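Step one of this worksheet: look at the structure below.
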Amino acid sequence: MKNTEEILQALKENFPDFSFELKSDLPVEGFIICNPLVIDKISHFLHDNPELNFDSLINLSGVDEIKANQLSVYYHLESTELKHKLVLKVVTDRNSPEVASVTDIWKGANWHEREAYDMFGIKFLNHPDLRRILMPYDWEAGHPLRKDYENPEFYQGMKVPF
Amino acid sequence: MGLLDKEFTDGNIVIAKAEDLMNWARLSSLWQVSFGLACCAIEMMATSASHYDFDRFGVIPRPSPRHADIIIISGTVTLKMATRIKRLYEQMPEPKYIISMGSCSNSGGPYWEHGYHVLKGIDRVIPVDVYVPGCPPRPEALLEGLIKLQEKIRKTSLVKKST
Amino acid sequence: MINTKSSAIRTEEMVLNMGPQHPSTHGVLRLELALEGEIITKVTPHIGYLHRCFEKHCEAMTYPQIVPYTDRMDYLASMGNELGYAVAMEKLLGIEVPQRVEYIRVIMAELQRIASHLVALGTYGADIGAFTPFLYCFRDREKILHLFEITCGARLLYNYIWVGGLSHDLHPDFVRKTRDFIKEFKPTIKELNDILSYNKIFIDRTANVGILPVKTAINFGVSGPNLRASGIKWDIRKDDPYSVYSKFDFDIPVGKGTHGTVGDSWDRYFVRILEMEESLKIIEQALDQLPDGDVQSAIPKRIKPNAGHVYGRVENPRGELGYFIISDGSTTPYRVKVRAPSFVTLQILGELCKGYMIADVITILGSIDIVLGEIDR
Ligand code: SF4
């Protein structure tokens, strides 16, 4: 069982070139901010290292931080054997959001990433099947959970607003 | 026809208006498309299960729309689903009836304002005969809706209207 | 599993659409089945036919207003959804709730678990061709719904567990009626076992079908009864206890492979039966220890948490239900993401069905017990 600081230490030792930042001033849990394009390498390490052994991705959520003109993704990881948890965050640009996919490592990430793509338009590089998941495949009005999203008046001849 | 059982000594004839007979036959055996959408579908299931027993009104779930007379839209209709529902409806043979069950299919329900993917009322896509309000309507309410529909059918006229 | 390679005649792959209107898809799920004869080569689920924009609604509602919307996600286990939201919010706000509230919440959540499993088991029987158990299960479920109804007036969607408290205290008859229910319900589990669980046909249809190895399950993030049926003791009620679960004595049933291999459909089915018995144990203990007190004293007048984020989770009947809430210091959340157990579980369907016959898709889909309301949210 390790806490976030110890895990950060292990990450820094293993990846001296990458930047990590621990943020723990806000309630309730601290999280580590890392680079979106190497999140797959970091995840591989977290998953394979026997002392960390993060075998399960519990949650993956996209967030639109419109004030800072960026999109971010939160990863909630857990080890079912060692019973410790970790929150990772990556930040990407709002106009060309690109994040490395972690589907290879945790298969369960597949639909979570598709959902983040559907709702926010975050592109997951190397994702096997990046399509819309909840909205219709032919939805043209953009990504609904973005804060500046506007709903269309009609979809396939059906009036959408009340 | 329990009233007439064993009342005759030999074979007999009953005279009725064609309209009454047809309407009686239609309203007492309304087969339903077994099709549920959301939370309301659970109440619809409860209505057909042991406690409320939809069967006694002649409502039997049929897996295919081609066998069915009535479709109960039980729950939230999303834009993605609306076109499919329309197709289901078009496959049903005439005469066909629709009960819209629950606020969602009546008008969008709790999702009327911010539901960017919710159709605000099934009547924008297909015509509705009876609206059952509630979120979810109790099984008793659905039964009431069905009885209202039966009354409606009973009053239907079969006379050809001259134009 | 059937060997597909030995056939001499060349066949073409066929694509079959199942749903969104299909009596056995438990809602509006569409499956695209790629078939080689009768054998499944690939299953592609298409979801979103019930996408009701829960997360967008959260961004427009105040914190207490969200509770009724949480009800409508997993509509077979509304109490569990509310409890999850309350647990997450109380963690974010850092408030303690009175003991009586916690006990009542546990009682409600466990009753809900039984009700939800009853639907799962009953419809599973009906999917496979046994209609009688469905009627038996719904008969018992109505009794639980009656208990909920006298408590809060609603049968299905309750709006009962609020952040910091409850909407009503218990009805004076509740404790007596619940004890009566437990007494009546215990023998019916045996009845259900006799008519369904140990039925030869049922076992033949479900045992050794859709085997889920534990490693795969964890890698996909599967949780709840589906994970436990694969033979691992993982239950948030024990492993990351919330509310007052640590005070009760109960077991965590796991799949043993009694009639086939560990993690097959029969195991997933039977784990749910065993879980109902454990839930009864918890309810009995909670009723015995139920403290007095006010159930509304800790409800905040106005919920305005500090900026920050929280992930709160509970063990819902279908697995781990988590709420990830980001607050920006105002009265509405900035972002809410729900980790819905069925959403994660449905992903393994393709893995499980490969190599089985078409009829087994129904068996496997029924055994993982999904609710479309929470998959699409
Ligand atoms: S009307 Fe209410 S209960 Fe029915 S589907 Fe809509 S939200 Fe669910």
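Protein chains in written order, with my numbering: chain A, 1 to 162; chain B, 1001 to 1163; chain C, 2001 to 2377.
Note that beta-carbon positions come from the ideal geometry of N, C-alpha and C, so glycine has one too.
All values reported here derive from a predicted model rather than from experimental measurement.
Within the chosen limit of 6 Å, ligand 1 does not reach the beta carbon of B/S1162 with any heavy atom.
With its beta carbon less than 7 Å from one in chain B, A/F162 belongs to the interface. Taking 7 Å as the CB threshold, C/I2218 lines the interface with chain A. One Cα belongs to A/I105, the other to A/K89, and the distance between them is close to 17 Å. For A/D118, the closest C-alpha among the options A/Q9, A/A10, A/P97 is that of A/P97.
Judged by DSSP secondary structure, B/F1008 falls outside any beta strand (DSSP E); it is assigned neither H nor E.
Across the set C/I2299, C/I2325, C/R2105, the C-alpha of C/I2325 shows the shortest separation from the C-alpha of A/G62. The beta-carbon of C/G2329 is placed no less than 7 Å from the nearest beta-carbon of chain B. Given a length threshold of 4 residues, each whole run of the alpha helix (DSSP H) inside the region 1033-1095 of chain B is given here in chain order: 1039-1048, 1079-1091. By alpha-carbon distance to C/E2351, the top candidate from C/T2132, C/R2377, C/K2304, C/T2044 is C/T2044.
Per DSSP, A/K12 has no beta-bridge partner at all. The Cβ of A/Y75 sits no closer than 7 Å to any Cβ of chain B. In this structure, C/F2270 is the residue among C/R2318, C/F2270, C/S2342 with its C-alpha nearest to the C-alpha of C/G2257. By the rule that beta-carbons nearer than 7 Å mark a contact, A/Y155 touches chain B.
Going by C-alpha positions, C/M2108 is about 7 Å away from C/M2079.
Of the residues assessed, B/K1120 falls on the buried side of the cut-off, its CB having 16 or more other CB atoms within 10 angstroms. In this structure B/G1108 is not in contact with B/G1102, their Cβ atoms being roughly 11 Å apart against a cut-off of 8 Å. The residue among B/Y1089, B/S1074, B/W1024, B/T1076 with its C-alpha nearest the C-alpha of B/G1058 is B/W1024. Near chain B, meaning a CB-to-CB distance below 7 Å, the residues of the region 2006-2038 of chain C are P2020, Q2021, P2023, G2027, V2028.
Under the Cβ criterion of 7 Å, B/K1148 is not counted among the residues facing chain C. For C/D2376, the uninterrupted alpha helix (DSSP H) segment begins and ends at 2372-2376. Remark: C-beta atoms of C/I2161 and C/L2111 do not approach each other more closely than 7 Å. Against chain B, a Cβ distance below 8 Å from A/P144 picks out Y1116, H1117. Secondary structure at A/E150: coil, using DSSP grouped into helix, strand and coil. Here the region 2162-2170 of chain C lies against the region 2092-2107 of chain C, with 3 or more beta-carbon pairs under 8 Å apart. At least 7 Å separates the CB of B/W1024 from every CB of chain A. For ligand 1, a non-hydrogen atom lies closer than 6 Å to the CB of B/G1102. For B/D1123, the three-state secondary structure derived from DSSP is helix. A contact between stretches requires three or more CB pairs, one per stretch, nearer than 8 Å, and the region 2066-2073 of chain C fails this requirement with the region 2296-2309 of chain C. Relative to ligand 1, B/T1078 has its C-beta separated by 6 Å or more from all heavy atoms. Here the alpha carbons of B/M1081 and C/V2015 stand approximately 21 Å from one another. Of the other Cβ atoms in all chains shown, 16 or more fall within 10 Å of the Cβ of C/F2148; this residue is therefore buried. Taking a Cβ-Cβ cut-off of 9 Å, C/A2086 has no neighbours in chain B, whose nearest Cβ is about 19 Å from it. Under the Cβ criterion of 7 Å, B/K1086 is not counted among the residues facing chain A. Shown in chain order are the members of the region 2055-2071 of chain C whose Cβ falls below 9 Å from a Cβ of chain B: K2056, H2057, E2059, A2060, M2061, P2068, Y2069, D2071. Taking a beta-carbon distance threshold of 7 Å, B/L1037 does not count as an interface residue toward chain A.
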